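Taking this note's numbering, I'd label the letters of the sequence shown as residues 3 to 563. Just so it is clear, CB atoms sit at the ideal spot from N, CA and C, and this is done for glycine as well. Treat the numbers as computed from the prediction; the structure is a model and nothing was measured. Note sheet for the following structure.
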Amino acid sequence: MHMERSLRTHIALTARMVAAAAVALLALGAIAARAASVPHAMVVAESAPAAKAGLAVMRRGGNAVDAAVAAALAMGVTNPASCGIGGGGFMLIYWAKTGRFYALDYRERAPLRASANMYLRNGRPDEALARTGPLAVAVPGEVAGLAAALKRFGSRDFQTLAAPAIRLAESGFPVTPHLAWEISRTADIIRHDPGLSATFFDRGGNPLKAGDVLTEKRLAGTLRNLGKDPDKNFYRGKTGLELASFIQRQGGLVSPEDLASYRPVWRTPLRFPFAECEVYALPPPASGGVLLEMLGMLEKGHLPGLGFNSVPYLVRLIGVMRQGFIDRQQYGDPAFVKVPVKELLSPEHIKEARALALKRTPAPLKTAAHDHGTANLLVVDSAGNAVAMTTTINTIFGAKMMEPRLGIVLNDEMDDFAVATGVRNVYRLAGVKPNAIAPGKRPLSSMTPIIVTKNGRFVMAAGGSGGPTIITGVLQVALDLLEFHMTPARAVSEPRIHDQANPDVVLVEERLPVSTRNLLERMGYRLKVWPELGAVGAIMAGPEGLRGAFDSRKGGGADGF
Ligand code: DON
């Protein structure tokens, strides 16, 4: 298929250019995070207009869940390369009145006609098929998830909350430097898709640039047509039929039955003690358990003595990251595989894992791909309720396809499955059996929004984007806040590292001092300097109210009152 070939060529050609482009982007975005400090309520999002949309809802008396839904819908419009109603995600909710936590899984599902061997061609796995084109598309969960959250906790109807998103899509908004970079980076591929090229290229056929006004009138119409019962209209109505029929005409598997049978799942959140606090996270198929295991291996209180980003500190981090990713190989969709999360978080296993944490697992050095699809969103309202949400269509512009009449960008979440055992996906994660493809199964995700409380009171929330670097990015920012007592603005801005055990390479941001890098190399670590690793947002409660920031690595907004 032409698009697959051009994707491979594109990746090969741009592998070196990505680094240079990201450096330029960093220069554009500067290093300062988008930060705010407010007394009552706050939204931190990977998009400033989305943060504003959420905030406006809370100013008019809406709660954190209302605000999260409004902001998520707006983010689907402003960050269409990263997330939207063609994708899915995870939401963690803290309800202050009862002190209870709720975990909502609205991850995409494999179509019912999917099979473990669907990407084998002439007996060989073709991973590119899971990443680009119609077979990459999994059943979207976004609308069902937002509707479910609203039904249980919301105080506003869907259309009221969709209004800012519809306005942005209809009237247009200036393309951010990050979105412009995403468009130009994928231009050679997305120009072949009629929907994407009509939306993200100008009349002269040039990719939209930063500052150009982007409108998404088709998407505005679709959001409006979802009406007050989005679940019914998207999954069992005209929108769903149109979407499924388009995907099938292109050669994909998503059918009307797939949409009609899609359900989000309320799951029991994971809870783990750390630094006199309780850390809450999403269970499988999200990676909250991996993050909690890493925190467990680190033991509270020992880290400040090592010194922030000192060589001994980084060596500890590398060890626990590796061990966490080794244990992550047991993760998958709990409806299909038994994931031993309880055992992995038991004191006995944590002790064992800590001892193993400094052992190495050598493997060939390969470049890791870390796209910046995915978007994170954090909300705290004046009643103290909190929402931490991460949502995605997977890689930039997902399957690189748009349903042109609905204006929906289609996800490529099938690539998060093991295309075959041992075969790496776009994030260089090697396929493992528990994450094999099966009809109706959810692919394993690295998304891991967290909320931390102390004596039942909100302390902090964090989450991020960046494939597997989400886990390690959220880990480092949580440690910066809880152990090194940094402000969110500083925490999200500090240089980070990433190690996923396999490939045997530590990715380090180029802002990590050369002297530190040299010492790590002299100790035998194989380092690869990477311009930027993921993007993380955080909100922290303090005596003066709330402080929050979003990562300048991607732009975004922190706003409140
Ligand atoms: O769920 C996951 O783990 C991936 N689909 C997340 C993708 C992502 O963060 C894209 N950005 N690099």
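Counting only unbroken stretches of 4 or more residues, the alpha helix (DSSP H) elements lying wholly within the stretch 169-207 are 179-192, 196-202, in sequence order. In the structure shown, residue 68 falls within a helical segment according to DSSP collapsed to helix, strand and coil. The beta-bridge partner set that DSSP reports for residue 342 is empty.
In this structure, the CA atom of residue 551 is about 11 Å from the CA atom of residue 463. Separation of the CB atoms of residue 408 and residue 245 is rounded to 6 Å, and the pair is thereby assigned contact status at 8 Å.
Secondary structure at residue 95: strand, using DSSP grouped into helix, strand and coil.
Leaving aside the five residues that flank residue 71 on each side, the residues in its chain whose CB is nearer than 7 Å to its CB run, in chain order, 148, 151, 152, 156, 163. In the displayed model, residue 500 falls within a strand according to three-state DSSP. Between the beta-carbon of residue 448 and that of residue 473 there is about 5 Å, and that keeps the pair under the 8 Å contact cut. For residue 104, the enclosing beta strand (DSSP E) covers residues 102-108. Note that the stretch 513-522 does not touch the stretch 451-463; fewer than 3 beta-carbon pairs, one per stretch, sit closer than 8 Å. Here residue 259 is exposed: its Cβ has fewer than 16 other Cβ atoms, across all protein chains shown, within 10 Å. Check the Cα spacing between residue 460 and each of 388, 419, 523, 314: the tightest is with 388. Cβ-Cβ distances below 7 Å link residue 202 to 185, 192, 209, 210 in the same chain, with the five nearest sequence neighbours on each side left out; the list follows chain order. No heavy atom of the ligand DON is found nearer than 7 Å to the CB of residue 455. In terms of Cβ geometry, residue 391 and residue 355 do not form a close pair [threshold 8 Å].
The DSSP-derived three-state label of residue 554 is coil.
With a cutoff of 7 Å, residue 129 does not count as near the ligand DON, since its C-beta is closer than that to no heavy atom of the ligand. Residue 84 is not a Cβ neighbour of residue 288, given a cutoff of 8 Å. According to DSSP, residue 280 shares a beta bridge with 275, 455.
Out of 450, 90, 40, the CA that lies nearest to the CA of residue 273 is found in 450. In terms of Cβ geometry, residue 418 and residue 134 do not form a close pair [threshold 8 Å].
As a beta-bridge residue in DSSP terms, residue 392 pairs with 92, 378. Pairwise C-beta distances place the stretch 172-181 in contact with the stretch 214-224, as three or more of them are shorter than 8 Å. Put simply, the backbone Cα of residue 82 is about 25 Å away from that of residue 65. With a contact defined as Cβ atoms closer than 8 Å, residue 541 and residue 490 qualify at about 7 Å. In terms of side-chain proximity, the C-beta atom of residue 472 is found nearer than 7 Å to a non-hydrogen atom of the ligand DON.
If you ignore the 5 residues before and after residue 238, its C-beta comes within less than 6 Å of the C-beta of 262, all in its own chain and listed in chain order. The beta carbon of residue 97 is closer than 8 Å to those of 103, 104, 155, 387 in its chain, skipping five residues each way along the sequence.
Residue state for residue 236 is assigned as helix, using DSSP reduced to three classes. Assigned with DSSP and collapsed to three states, residue 435 falls in helix. In terms of side-chain proximity, the C-beta atom of residue 335 is found no nearer than 7 Å to any non-hydrogen atom of the ligand DON.
Of the candidates 548, 527, 402, 553, 402 places its Cα closest to the Cα of residue 132. Taken through DSSP and simplified to helix, strand or coil, residue 49 comes out as coil. Here residue 51 has 76, 80, 170, 175 as same chain residues with Cβ atoms under 7 Å from its own Cβ, once five neighbours each way along the sequence are excluded. DSSP, reduced to helix, strand and coil, places residue 534 outside both helices and strands of the structure shown, so it counts as coil.
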